[in-house]
Every structure is written in structure tokens, then in C-alpha cells.
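In the UniProt record's numbering, the protein residues as written are 1 to 212.
Cβ coordinates follow ideal geometry from the N, Cα and C atoms, glycine included.
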Amino acid sequence: MAESTSSPVFDAQKVTVVYVLGGPGAGKGTQCSKLVDAFGFCHLSAGDLLREEQNREGSEYGEMIRTYIREGTIVPSHVTMKLLENAMTGEMKKKTGDGWVDGKGRFLIDGFPRKLDQAIGFDETVCLASLVIFFNTSEDVMLQRLLERAKTSGREDDNVETIRKRFRTYNEQTMPVIEHYRTLNKVAEIDSTAAVEEVYRAACATVTNLFS
Ligand code: ADP
Ligand code: AMP
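Here it is in C-alpha cells:
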């Protein structure tokens, strides 16, 4: 088969993509929100984009997305990747300020890639990622955090049965993604068991290192 010769939509020399991975409830979203303010990132959460599309009137994917999220499984990659690419294109047009001049940009892509085909597909066709921040803690800690979050999140998947399925999906499909990037020396692993501020200090050090 002929090798693809097309280049990614975004040039990684100008656009910095940092993938943020970790199990459900590891604290990805919490840390991303804090890093946005400190480093001028645009934070794109794959889960948030999917929930938005699920609720968008007239979406041809709404019902399908709902079913996958309820089952704690991975929504087909072409849908998630397209939502991310569209969101990046939109942000590149409208964002300004530090890190966003002369065609430059910096993205924290949270909860993505959750599966090897997404990792390889996105790196090759959308933008080659510079780094993977991997927030790691135990299932017990994640379960407790998610049950606490469930009191206010209104999320259909923050219940014990779906959380167990999400853990399984994460172990079977997402851990191989982390291993893939480990072989490329792109993983910065951070223990996210500690308090938010302590985890944040480690995350800040990692990002400072990336931009130095
Ligand atoms: P994720 O995006 O990885 O699913 P969240 O950032 O939504 O996880 O965090 C899950 C829940 O745990 C949230 O209610 C959040 O407030 C809480 N949380 C996040 N980080 C910590 C932490 N380091 N210590 C205690 N609770 C945390
Ligand atoms: P999250 O908001 O990251 O906890 O994700 C919630 C759910 O959205 C997951 O359990 C999946 O069903 C779906 N999802 C999130 N990210 C992805 C992704 N990268 N690819 C496919 N499905 C995803």
C-alpha cells in the first residue's frame, strides 16, 4: 500500500499539543483548568466536546454518543477526532495573546487519545503531540472522587456500574496508548493522589520544562 504523503493539518513547530491522560476521576479536568490560566493554553476536553455534540439539536451522532458514554466505552474515533480538529481550527482563528501570535497555538487535549488508533491518526493527520501528561492514581481514589463528583455533576456515567466499565475500558484500551508514548519518551507521569495544589505544582514544573 502506498504511504500517505499528506502532512498534518497543524504544524507541530508552531502548534503545541499536550495530551492529558489518566483514568476517570484522576483529576485531568481539574489540573487542565489551572494550567490554562498559568500558560495560556486552550483546554479541549474530548468528553466535553462529545457531550456538547450529543446535546446539539440536529446532531446525527447524538444518540450514538449517548449510548457509548452510558456504556463507558469509546466513541468511534472519527467522530471524536473531527470534533477536536474543528474545535482547534476555531480556536486558532479567535485566540490571541501569549503563545497565540504568528500562527502559533498551545492546546491541552484532555481525555484523548483513549485508543491507539486515535493516537496514531491524530499525530499523523491533525497535529503531532509534543507531550503526554499522565495523571496516575489508584482505582479506589478515582472511585471515591467520582462518587463525590456524582452528587453535583449530573453526568449519566458517574454511577458505580458505569464507573467500573470505564475503568475496564481505560485499562484495556488507554493504557496501551500510554505505553506507546512511553516508548517515544513523551510521557510525564504525575502521581495525582495528593491534594490538588500539590499535583498542580508537579504539573506546572512539567509544562515549564516543555516550554523552556
Ligand atoms: P477527570 O477529568 O480525570 O475525570 P476531575 O478533574 O473531574 O477528573 O476530578 C474528579 C473529581 O475529583 C472532581 O470532583 C474533582 O473536584 C476532584 N479532584 C480532582 N483532583 C483532586 C485531588 N487532587 N484531590 C481531591 N479531589 C480531587
Ligand atoms: P470523560 O469526560 O473524559 O470522563 O469521558 C466521558 C466519556 O466520553 C468516556 O467514557 C467515553 O465514552 C467518551 N469519550 C471521552 N473521550 C473520548 C475519546 N477520546 N474517544 C472516544 N470516546 C471518548
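Check, Outcome
"Length of the line joining the Cα atoms of Glu57 and Ala46", "19 angstroms"
"DSSP bridge partner residues for Gly22 (one or two, in chain order)", "Phe135"
"Proximity test, Thr73 beta-carbon vs the ligand AMP heavy atom, cut-off 7 angstroms", "yes"
"CB of Thr206 within 8 angstroms of CB of Ala188, strictly", "yes"
"Residue from Leu49, Glu139, Gly27 and Ser212 with nearest C-alpha to Glu85", "Leu49"
"Ser212 (DSSP reduced to helix, strand or coil)", "coil"
"Alpha-carbon spacing of Lys34 relative to Ala194, whole angstroms", "16 angstroms"
"Close-in-space but distant-in-sequence residues of the same chain around Met1 (CB under 6 angstroms, 5 per side omitted)", "Residue placement at Met1 is flagged as unreliable, the pLDDT there being 49, under the threshold of 50; the coordinate-derived value follows with that caveat. Nothing meets the Cβ criterion."
"Close Cβ partners of Gly25 (< 6 angstroms) along its chain, the five nearest in sequence each way excluded", "Met142, Arg145 and Leu146"
"Same chain only: Cβ atoms within 7 angstroms of Val17, ignoring 5 sequence neighbours per side", "Phe107, Ile109, Cys127, Ala129 and Ser130"
"Member of Val132, Gln54 and Lys95 whose CA lies at the smallest distance from the CA of Val20", "Val132"
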